[in-house]
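Visitor: Residue 741 in the numbering used here sits at position 489 of the sequence shown, with consecutive numbering throughout. Ideal Cβ placement from N, Cα and C applies to all residues, glycine included. Just so we're clear, the structure is a prediction, and the values are computed from it rather than from any experiment.
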Amino acid sequence: MLRKTVSGVMLFLLVMSMLALALRIQPVRASGTIYIRADGSIDPPDAPITTFDNVTYTFAGNILDEIAVERDNIVVDGAGYTLQGDGGGWEYRGIDLSGRNNVTIKNTDIRGFGYDIYLLGSSNYNNISGNNITANNGNGIMLYSSSSNSISGNNITANSWHCIWLSSSSNNSVSGNNITANNGYGICLDYSSNNSVSGNTFVNGGLVVSDSYGNVVTDNLVNGKPIVYLEEVSDYAVEDAGQVILVKCNNVTVENLNLSNTSIGVQLWETNNTTISGNNITNNGCGIALNNEYAIALSSSNNTISENNITNNWRGISLNYASTNCIIENNIARNGWGIGLWGCSNNRIIGNNITDTDYGWIPVWYGGSGIDLYQSCYNIILENNIASGRRGIYLEWSANNSLYHNSFVDNAVQTWIYGSSSINVWDDGYPSGGNYWSDYIGTDLYSGTYQNKTGSDGIGDTPYVIDLNNTDNYPLMKPYAGPHDIGITYAATSKNGCLPMPTVGQGYCMNMSAKILNYGEQSETFNVTVYTNTTAINQTQVTLTSRNSTTITFTINTAGLAYGNYTISVYAWSVLNETDTSDNNLTGGTIYVGISGDINGDGTVDIYDAIRLSGAFNSSPGMRKWNANADINCDGTVDIYDAILLSGHFNQHIP
Ligand SMILES: [Ca+2]
Ligand SMILES: [Ca+2]
Ligand SMILES: [Ca+2]
Ligand SMILES: [Ca+2]
């Protein structure tokens, strides 16, 4: 019985395959679109589609053209054949179901159109199931102003754009599809409400929602983890998710999750008081979106986005029409855009590290900004490090933003400002200061509000002019490092520059000068210590008021030092709450401690040293022939007393 059944199946398959061979028509590119006309006819009649009852239309071969369905209540069965477009523009539609009712599309391998399946305007009760849909350059399935359709059990791959795009379409069911969205969105709901999205499995994609409400989204997975979709939920903590979408929610926390390889890691729509913190958000279309990037959106407010790792996304953090949010201390690296604000006001962007913002082939006038503001005003942007990107900050028709204490380091274009009304504040006055610009070429010899008092203050003496309307009046000489920061800007010994090396006779003295600056906002009192190698040999206490500097000269006595080379360094002990201690230590050079009179440091006191001394005889600092090495007794002149010391050690050598 079993054998007979198998034989029957084999016979059936054999007959079918012969039939298929007989009927096989080479892929035909018809002269135009293939129509299934309202009267049931196929136009042109020789198209490789067969029907016996004007209800079921079955492919008889692969087709290299578009199909327009003009008849309701039919089934189009691809029978496993391919409907192949040439990857043309969005006007190319694989199967156009515009205005159709109760049409089923199944078992078709559709690829390479602008839209593989297109439902426009009152296309209702259609059923798209069990198809392989590959959107190479466009969208998989597009529904516009269509309702009560079912899209189920399809394998959909989109290499760009959207897999399933519902626009102004309600009461549809999207279920049980396998969706791989390599660079695009998986399912996009745009002005589309009361749909059911369930049981779909996403790889490298996910769901995007804009202006859409009352959708039921259940049991969907992205990269094996749940898509968490919440609508009108309050006081909730998301525990496990591959993607988080919050619509009209309040007080939800999204913490310590890995939200990667999806459309948008976290999307907020009309959602307030959310905490998004400590998440790893990489390789997404957008890392975090408050509303999405192409919508006319209502606001999401009072959300806090902090300490997330946001890398390798098309956009890092995107805010649309969102206000009074805080974006604090996130690491935002290697995104196409870092932080983008469109129509946003009164947000605070503080202490973020935004680096390597770039997006390969995108032209510089379009992308690659560390921070991007469009029609956005009254935002406060401070203490961010924006480095090594295509553009540091872009402002278009954006005014009254305050930007200070940021560092703009080695961006190809540091600032790009467009629009005559884009007038912004780039400093916090004096002595607080403006921003650090790696391309600032000014000097710092003066201080005070007008930068006309002698003495360095850590602020450039001339403004950093961005354009006619935008000037940083007080550019910082080093990256802002908080309200408590001292630093050493110069250190040298009195022997610096001597040839062939700075030398000092054992038991004699030399001087060490150090210039110390208080970059902070308060008066600081601290110790400054001088070291020979690691041995402290001199120390003094310094008090410096805010934005003031001093130069201290130390005496270094070599009495206890063995012959040899010593590194001389100066260290300013860090003050309370100082975060940048990298500039608290500075080397003033290396000196050779030798026999008194060994001016050239070769271990022997001989005629060559005497020649050097005589060459500098009767000189003092500032004179052309001055040689500090020859001032053996360190009294500021080269004279007979130095000559006596040299002659007293003549012919001595080491060992
Ligand atoms: Ca200055
Ligand atoms: Ca410091
Ligand atoms: Ca010598
Ligand atoms: Ca002398």
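1) Is N531 closer than 9 Å to L498 when the C-beta atoms are compared?
2) Y573 to T556, Cα distance in whole Å?
3) In the DSSP assignment, find the alpha helix (DSSP H) that holds G840 and state where it starts and stops.
4) Where does Y897 sit, in a helix, a strand or coil, going by DSSP?
5) Going along the chain, which residues of its own chain have a beta-carbon closer than 6 Å to the beta-carbon of T797, five neighbours each way excluded?
6) So what's Y396 in DSSP terms, helix, strand or just coil?
7) If contacts are defined as beta-carbon pairs under 8 Å, then Y726 and G685 qualify, I think. What distance do you get, rounded to the angstrom?
8) Just the residues with CB closer than 6 Å to a heavy atom of ligand 2, in chain order, which are they?
9) Which residues count as close to ligand 4 when the rule is a CB under 7 Å from any of its heavy atoms, in chain order?
10) Where does G585 sit, in a helix, a strand or coil, going by DSSP?
11) Going by the CB atoms, is the gap between Y670 and I740 shorter than 9 Å?
12) Within its chain, find whatever has a CB closer than 6 Å to the CB of H414; leave out the 5 residues flanking it on each side and keep chain order.
13) With DSSP as the reference, please indicate the residues paired to N790 in a beta bridge.
14) List the endpoints of the continuous beta strand (DSSP E) containing Y860.
15) Answer with buried or exposed for H905, where buried requires no fewer than 16 other C-beta atoms within 10 angstroms of its C-beta.
16) Would you mind sorting M394 into buried or exposed? The rule is 16 or more other CB atoms within 10 Å of its CB.
17) Report yes if the C-beta distance between E318 and T285 is below 9 Å; otherwise report no.
18) Given this structure, state the Cα-to-Cα distance separating N430 from G405, to the nearest angstrom.
19) Can you give the Cα-Cα distance for R281 and V461, rounded to whole angstroms?
20) Report the rounded CA-to-CA distance for I250 versus G590, giving the unit in angstroms.
21) Taking all protein chains shown into account, decide if I892 is buried (16 or more other Cβ within 10 angstroms of its Cβ) or exposed.
22) Inspect the beta-carbon positions of L593 and L625 and report whether they are closer than 9 Å.
23) Using the rule of at least 16 other Cβ atoms within 10 Å of the residue's Cβ for burial, across every protein chain shown, is R643 buried or exposed?
24) Sorted by chain position, which residues of the same chain lie with C-beta nearer than 7 Å to T802's C-beta, five sequence neighbours on each side aside?
25) DSSP three-state label for I892, please.
26) Regarding Q791 and ligand 1, is the C-beta to nearest heavy atom distance less than 8 Å?
27) Beta-carbon separation of G517 and V496 under 9 Å?
28) Quick one: Cα of N836 to Cα of T706, how far?
29) Keeping to the same chain, check which residues put their C-beta closer than 7 Å to that of N903; ignore five residues upstream and five downstream.
30) Going by other Cβ atoms of all chains shown within 10 Å of its Cβ, with 16 needed for buried, is R363 buried or exposed?
31) Can you tell me whether N903 is helix, strand or coil according to DSSP?
Guide: Quick look at the numbers:
1) no
2) 16 Å
3) Careful: G840 lies outside any alpha helix (DSSP H), inside the beta strand (DSSP E) at N837 to G846.
4) For clarity, residue 897 is Leu in the given sequence; the question names Tyr instead. Here L897 sits in helix by DSSP.
5) S775
6) strand
7) At roughly 4 Å, the Cβ-Cβ gap stays under 8 Å, so Y726 and G685 are in contact.
8) D737, I738, G739, E830, D832, T833, D835 and N836
9) D883, I884, N885, C886, D887, G888, T889, V890, D891, Y893 and D894
10) The sequence given here has Ala at residue 585, not Gly. For A585, the three-state secondary structure derived from DSSP is strand.
11) no
12) Its chain contains N391, G436, Y437 and C440 as the residues whose beta carbon lies nearer than 6 Å to that of H414, once the 5 sequence neighbours on both sides are disregarded; these appear in chain order.
13) According to DSSP, N790 bridges with V782.
14) Looking at the DSSP string, Y860 is not in any beta strand (DSSP E); the run it does join, the alpha helix (DSSP H), is I859 to G867.
15) exposed
16) buried
17) yes
18) 7 Å
19) No answer about R281 holds up, because its pLDDT of 47 lies below 50 and its placement is not dependable.
20) Residue 250 is absent from the model: the chain starts at 253 and stops at 907.
21) exposed
22) yes
23) buried
24) Same-chain partners within the cutoff: I768, V794 and L796.
25) helix
26) no
27) yes
28) 23 Å
29) Closer than 7 Å at Cβ, skipping near neighbours: V857 and D858.
30) buried
31) coil
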